[in-house]
Ligand SMILES: NC(=O)c1ccc[n+]([C@@H]2O[C@H](COP(=O)([O-])OP(=O)(O)OC[C@H]3O[C@@H](n4cnc5c(N)ncnc54)[C@H](OP(=O)(O)O)[C@@H]3O)[C@@H](O)[C@H]2O)c1
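Residue numbers (the working numbering): 6 to 305.
Written out as structure tokens, the structure reads:
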């Protein structure tokens, strides 16, 4: 099979779409014939070497953490899914012709492959963040970085739960934020004042998606520091904010089931720009630019 891969750290030019060893479903897993896999910032953080701790590259690196596709192998112990079923979910090395998923849900027939792939990582991350923040219906949530891959899903998941959402983006994405149900505010200097003006007071919780606003400014908007949760500012814990990277915090099967329901009920829509796998370099250059609206996905 073919897979997106790299053997040296660097920019998107190090990527190639070439032959790779076959993969197979282990116990509790399924293998899919990939119809789409989404681009997440973690992928370029890996191939650029940002996550390597200064260690040189050894071996071959593969990319992708979510995908949508047709099940073509079912691992031992797996029930409720069969060869030929359309699914979307989470796995590793998903930017390939075949990928192994560790968690999945049935793909609603009304949803494009690229959209189904696009809601994997973003959906799991959003469910985790809202759960850890303990934000409830009727409360007000600020999502700092609401127009990108995680933010756009978090906005809609929160709105569907009856939460009032104020979200930050550049001016260019304010229309998009309104479309998906959030009160838009401009990020950057003075954002706190703009949030208070837009909502009529402080907020109950902050989901810091972008990790760009000084965390002290976010903490000033909520009743207690732990009502701020960051997925991108790893020093936010120093002032008592929560930081999550997944692991034991994650409940992927539950999250994907919620995402599937939202897709079926038309309560979650994601704008997706697609690129063929062999033009992944272009998609990654856009992702690295840091101003994605919705999601980028790769397709065969
Ligand atoms: N810890 C975890 O478990 C976890 C999980 C998933 C993702 N992440 C991390 O979370 C971050 C966001 O991921 P993503 O997939 O949503 O990225 P993305 O799709 O690239 O979106 C980036 C968004 O950030 C916004 N943005 C840019 N500058 C900003 C600023 N100064 N203030 C607020 N927002 C700003 C952009 O809005 P404009 O286009 O309007 O400028 C854009 O919509 C990445 O660092 C990713 O690695 C962490």
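By construction, the Cβ of each residue, glycine as well, lies at the ideal position given by its N, Cα and C atoms. From a predicted model like this one, the values you see are computed outputs, not experimental measurements.
* Got a sec: does ligand 1 put a non-hydrogen atom nearer than 6 Å to the Cβ of residue 175? -> Checking every heavy atom of ligand 1 against the Cβ of residue 175, one is found closer than 6 Å.
* To do: Indicate, with yes or no, if ligand 1 has a heavy atom lying under 6 Å from the CB of residue 295.
  => Using a cutoff of 6 Å, the CB of residue 295 counts as near ligand 1, since one of the ligand's heavy atoms is closer than that.
* To do: Please name the residue in 39, 180, 87, 140 whose C-alpha comes closest to that of residue 97.
  => Cα-wise, what sits closest to residue 97 is 39.
* Going by the CB atoms, is the gap between residue 108 and residue 257 shorter than 7 Å? -> Yes, they are a contact pair.
* Runs of alpha helix (DSSP H) lying entirely within the segment 260–304, each at least 4 residues, in chain order -> The segment 260–304 contains these whole alpha helix (DSSP H) runs: 285–294.
* residue 249: which of 170, 214, 118 sits nearest, CA to CA? -> Measuring from the Cα of residue 249, the nearest candidate turns out to be 214.
* **For residue 169, the first and last residue of its enclosing beta strand (DSSP E)** => For residue 169, the enclosing beta strand (DSSP E) has its first and last residue at 169–174.
* What separation, rounded to the nearest whole angstrom, lies between the Cα atoms of residue 218 and residue 21? -> Roughly 35 Å separates the two Cα atoms.
* Asked: What residue range is occupied by the uninterrupted beta strand (DSSP E) comprising residue 8?
  -> 7–11 is the extent of the beta strand (DSSP E) around residue 8.
* Minimum C-alpha distance to residue 115 - residue among 253, 233, 266, 43 -> Closest option to residue 115, judged by alpha-carbon separation, among 253, 233, 266, 43: 266.
* Asked: Can we count residue 236 as close to ligand 1, meaning its CB is less than 6 Å from some heavy atom?
  -> For residue 236, the shortest C-beta to heavy atom distance toward ligand 1 is below 6 Å.
* To do: State the CB to CB distance for the pair residue 171 and residue 187, rounded to an integer number of angstroms; the pair is presumed to be in contact (CB under 8 Å).
  => A Cβ-Cβ distance of about 6 Å is found for the pair residue 171 and residue 187, placing them in contact under the 8 Å criterion.
* Is the closest heavy atom of ligand 1 to the C-beta of residue 215 under 6 Å? -> Answer for residue 215: yes, Cβ within range of ligand 1.
* **Sequence-distant residues of the same chain with beta carbon closer than 6 Å to residue 82, five excluded per side** => For residue 82, where only same-chain residues beyond five positions count, the Cβ hits under 6 Å are 32, 33.
* Tell me, to the nearest whole angstrom, how far the beta carbon of residue 41 is from that of residue 304; I am working on the premise that it is less than 8 Å. => Contact flag correct, Cβ pair sits at about 5 Å.
* Starting from the C-beta of residue 110, find all residues in its chain whose C-beta is less than 6 Å away, skip the five residues before and the five after it, and write them out in chain order. => These residues qualify, in order along the chain: 261, 262, 265.
* **8 Å contact criterion, which residue 151 and residue 164 should meet: CB distance rounded** => With 8 Å as the limit, residue 151 and residue 164 do not qualify as a contact, their Cβ atoms being about 11 Å apart.
* **Member of 61, 89, 80, 19 whose CA lies at the smallest distance from the CA of residue 67** => That would be 19, whose Cα lies nearest to the Cα of residue 67.
* To do: List the whole-angstrom C-beta distance separating residue 146 from residue 239, where the pair is believed to meet the contact cut-off of C-beta under 8 Å.
  => Under the criterion of beta carbons closer than 8 Å, residue 146 and residue 239 do not qualify as touching, at roughly 21 Å.
* Asked: Mind checking residue 88: buried by the 16 CB within 10 Å criterion, or exposed?
  -> So residue 88 counts as exposed.
* To do: Check whether the Cβ of residue 152 sits closer than 6 Å to any heavy atom of ligand 1, and report yes or no.
  => At least one heavy atom of ligand 1 is nearer than 6 Å to the Cβ of residue 152, so yes.
* Quick one, which of 132, 30, 299 has its alpha-carbon nearest residue 236's? -> It is 132.
* Just confirm the distance between the C-beta atoms of residue 35 and residue 137, as a whole number of angstroms; I'd bet it's less than 8 Å. => Between residue 35 and residue 137 the beta-carbon gap is near 28 Å, outside 8 Å, which marks them as no contact.
* Asked: Any chance the CB of residue 208 is under 6 Å from a heavy atom of ligand 1?
  -> Every heavy atom of ligand 1 is 6 Å or more from the Cβ of residue 208, so no.
* Can you name, in chain order, every residue of its own chain whose Cβ lies under 7 Å from the Cβ of residue 292, other than the five neighbours on each side? -> Cβ neighbours of residue 292 beyond the five flanking positions: 44, 46, 49, 301.
* With a threshold of 6 Å, establish whether the CB of residue 47 neighbours any heavy atom of ligand 1. => Here the distance from the Cβ of residue 47 to the nearest heavy atom of ligand 1 is below 6 Å.
* residue 93 lies in the beta strand (DSSP E); which residues open and close that run? -> 91–97 is the span of the beta strand (DSSP E), which, as asked, contains residue 93.
* For residue 340, which residues of its own chain have a beta-carbon under 7 Å away from its beta-carbon, when the five flanking residues on both sides are left out? -> The requested residue 340 is not part of the displayed model; the chain covers only 6 to 305.
* Asked: Do you know whose CA, among 269, 197, 99, 10, lies nearest residue 30's CA?
  -> Minimum Cα-Cα distance from residue 30 among the listed residues 269, 197, 99, 10 corresponds to 99.
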